[in-house]
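A short write-up of the structure that comes next.
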Amino acid sequence: MKKINSIAEMEEWFLKPGEKRRAVFFSLMNNREREYAFLRYAKKKEFKWINGDEIEPDMDNCGGFMSLNSEHTMGFVSGQIYMIGREHEYFAYADTEMVIKEMENYLTQLY
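Residues in the sequence shown are numbered from 19 upward in steps of one, following the working numbering.
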């Protein structure tokens, strides 16, 4: 299982060669503060929902598990995929608390 501990590590993971899309999973578990930081960061970095819709942090919600993908898309992740994906070479797991704090710091510097 690949673990992501920082934004820089996540960005590096997305750039690894290969034809398959890479995903970083986040466990947000109904924490609105984390969700809001996650959504704001994704929007600022020009991610879109997997269906191509714009991210609207003040209107959108997250599920318990979310992913950011190397194609600059974001989506919901089922609990089953989250659990069985640990052995998948194209999935990584964020240390959500560490990475979200870094996202919050990044956003604070912008505003």
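Here a beta-carbon is modelled for each residue, glycine too, at the ideal position from N, C-alpha and C.
Bear in mind the structure is a predicted one, so any value in this text is a computation, not a measurement.
Hey, quick one: how far does the alpha helix (DSSP H) through residue i stretch, first residue to last?
i, result
"residue 57", "50-62"
"residue 100", "97-102"
"residue 72", "Looking at the DSSP string, residue 72 is not in any alpha helix (DSSP H), and its letter there is neither H nor E."
"residue 77", "Careful: residue 77 lies outside any alpha helix (DSSP H) and carries neither H nor E."
"residue 27", "25-32"
According to DSSP, what are the bridge partners of residue i?
i, result
"residue 132", "Given a span of 19 to 129 for the chain in the structure shown, any question on residue 132 remains unanswerable."
"residue 91", "66"
Can you tell which of the options has its C-alpha closest to the C-alpha of residue i?
i, options, result
"residue 87", "41, 22, 127", "41"
"residue 119", "59, 21, 29", "59"
Do residue j and residue i come within 9 Å of each other at the CB atom, strictly closer than that value?
i, j, result
"residue 92", "residue 84", "yes"
"residue 46", "residue 80", "yes"
"residue 115", "residue 19", "no"
"residue 111", "residue 39", "no"
"residue 23", "residue 117", "yes"
"residue 65", "residue 90", "yes"
"residue 61", "residue 72", "yes"
"residue 97", "residue 82", "yes"
Could you tell me the boundaries of the beta strand (DSSP E) in which residue i lies?
i, result
"residue 22", "20-22"
"residue 111", "109-112"
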